[in-house]
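Numbering (the working numbering), first residue to last: 62 to 641.
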């Protein structure tokens, strides 16, 4: 019996260091690697919370998520949260600091850990959660909640400090230096982005990185911007429209998308996430870092998911010309239009008011995407604008094959160079179904009584021309037909007067997506003063998408995002389509 007692005691003494260990002159460390405090810190009790969760003055979605997760750290406890104000280093409030705040304690903690590490420590009435990148910051907050906050006798307590040290290799590791790098531009448009990195590195490290173009051979470690002539750019090959990649390979860093527009937008995300100082003032990445970014998902309020069972997506967009004295320049607005196209990814788009500048800029912004602009010229030659077609069609050459296309003039028009019919016959790459898209822009409503009467007669005659042309297409091809455009006429109840052009189209056998789609997300007026919010209560609209009896609309939406309101004076509309 005595032997068994001795054996049990021996096992207990052996097990004690496993549960917690304390050096003769050092702190106690538990089984999770937590350095226990001599006395736990009371965070909250029945009287309320004593600590406030504090985040940097500029935040991100991940930082906000970390803060909100600590708002209710345990059952029965709630913590307030606030923004760290720049009130000097003498702040003695009880705070849980999340990320790179303006507090001196945050800066000291960040300085003490490596790029891929994180730490949670207590100092000067503050629990400091520090990490140099968003992934580790999220892990740190999870560890804090699960391992360092304990409920004891009705009190929420912080029990100890913890530092995680990563063994993963870094892009800039031991023996490496930031001044080993050059910045490579894949396009002139990215030079200012390259300068942003150059300026940041200069301010942080005192090193002036050289900026080169990809025409120069590789002779150093590189930070590559855009789809450059570098082997690392093969990582971007599988990207879809609106996607970008930030990746490290063989000590080189890539920030790229297939097209310039998305690369520039991706660089804004890169700046916020990695070099703005929101997380860190250290420039580094894990050696195998790679993330694919849906670049535009946070810029638009609506989902871009195509409805189930649809064959194609069609869009109509009056982008607002720049040729009149009271219309704004295209630059700036063009980027928003390009982003919209790449996010919602319509297979075909009917454009209106697309001036020569729009033609040029969209071709540039959509370079290296599958979009192609067709019907860019018409037969009528204007003294000022030549044969430029203001109602071209844009299509996705990866999903559609162009079989035929053309333009037709109206027999009656006031602004003849802008009033054209464009059409195209497409075949789907998958499935081989064929269909026709017709795009147009009717005469304007007019400003005074005389103009209104004259222009209405033009629209009525243009409708007669359109109905005749649609009949010719049906007789020749017997295919599904889609009609897009700015018709400058709404669907009001007056079927014989001002609104008759709309109803004449309906009575010819066409139906409108806004009323016949299976799912109608937002049916509202589309015209608005540039920059002014659109009325979502009125369903009267100048812009329409029609289909013949071989078309079934599965989804319809009017896009009313703030940035689109500032891009043009018409909201884009789109519909998902199934062929009967």
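Quick reminder that beta carbons are idealized off the backbone N, C-alpha and C, glycines included.
CA nearest to the CA of residue i, picked from the options
i           : options            : result
residue 429 : 594, 627, 458      : 458
residue 270 : 277, 287, 245      : 245
residue 598 : 621, 254, 565      : 621
residue 540 : 495, 188, 431, 509 : 495
residue 305 : 292, 290, 286      : 286
residue 136 : 523, 105, 193      : 105
residue 353 : 385, 344, 317      : 317
residue 583 : 559, 591, 595      : 595
residue 444 : 424, 479, 425      : 479
residue 120 : 297, 330, 578, 548 : 330
residue 261 : 311, 447, 333, 364 : 333
residue 101 : 216, 203, 199      : 216
residue 312 : 235, 324, 387      : 235
residue 535 : 588, 611, 465      : 611
residue 469 : 114, 442, 115, 342 : 442
residue 218 : 560, 344, 425, 99  : 99
residue 251 : 558, 559, 152, 321 : 321
Residue i versus residue j - alpha carbon distance
i           : j           : result
residue 571 : residue 609 : 5 Å
residue 643 : residue 248 : There is simply no residue 643 to check, as the chain begins at 62 and stops at 641 in what is shown.
residue 513 : residue 335 : 56 Å
residue 552 : residue 439 : 29 Å
residue 255 : residue 283 : 12 Å
residue 625 : residue 389 : 14 Å
residue 408 : residue 460 : 7 Å
residue 212 : residue 399 : 53 Å
residue 633 : residue 338 : 37 Å
residue 482 : residue 266 : 59 Å
residue 402 : residue 326 : 14 Å
residue 404 : residue 416 : 23 Å
residue 177 : residue 238 : 17 Å
residue 635 : residue 618 : 6 Å
residue 201 : residue 175 : 14 Å
residue 567 : residue 435 : 27 Å
residue 377 : residue 548 : 11 Å
residue 531 : residue 516 : 22 Å
residue 501 : residue 507 : 18 Å
residue 362 : residue 397 : 14 Å
residue 606 : residue 277 : 49 Å
residue 728 : residue 519 : What the structure shows of the chain is the stretch from 62 to 641, and residue 728 is not part of that stretch, so it cannot be assessed.
residue 433 : residue 418 : 16 Å
residue 35  : residue 307 : Outside the displayed span of the chain (62 to 641) sits residue 35, for which this structure offers no information.
residue 641 : residue 590 : 38 Å
Contacts around residue i, its chain only, beta-carbon distance under 6 Å, and the 5 residues preceding and following it disregarded
i           : result
residue 368 : 615, 616, 637
residue 350 : 309
residue 543 : 375, 498, 608
residue 422 : 391, 395
residue 528 : 569
residue 579 : 615
residue 523 : 471, 503
residue 346 : 232, 309
residue 263 : 269
Other residues of its chain near residue i: CB distance less than 7 Å, five sequence neighbours each side excluded
i           : result
residue 639 : 370, 371, 372, 613, 615
residue 166 : 158, 184, 185, 187, 189
residue 601 : 551, 552, 553, 586
residue 88  : 96, 97
residue 242 : 270, 281, 282, 283, 284
residue 319 : 288, 297, 300, 429, 430
residue 139 : 110, 132, 133
Neighbourhood of residue i by C-beta distance below 8 Å, restricted to the same chain and skipping five residues each side
i           : result
residue 394 : 380, 381, 627, 628, 629
residue 437 : 420, 449, 450, 453
residue 95  : 208, 209, 220, 221, 222, 223
residue 111 : 103, 104, 105, 155
Nearest-angstrom Cβ-Cβ length linking residue i and residue j, presumed shorter than 8 Å
i           : j           : result
residue 206 : residue 130 : 7 Å
residue 538 : residue 463 : Not confirmed; about 14 Å, so no contact.
residue 117 : residue 123 : No, residue 117 and residue 123 are not in contact; Cβ-Cβ is about 12 Å, not under 8 Å.
residue 134 : residue 340 : About 22 Å separates the two Cβ atoms, so there is no contact after all.
residue 273 : residue 259 : Wrong, their Cβ atoms sit about 11 Å apart, outside the cutoff.
residue 145 : residue 127 : With a Cβ gap of about 14 Å, residue 145 and residue 127 do not count as contacting.
Status (buried if at least 16 other CB within 10 Å, exposed otherwise) for residue i
i           : result
residue 576 : exposed
residue 355 : exposed
residue 476 : exposed
residue 484 : buried
residue 226 : exposed
residue 411 : buried
residue 180 : buried
residue 526 : buried
residue 490 : exposed
Distance cut-off 7 Å: residue i Cβ against heavy atoms of the ligand NAP
i           : result
residue 291 : This structure lacks the ligand NAP; in fact it carries no ligand of any kind.
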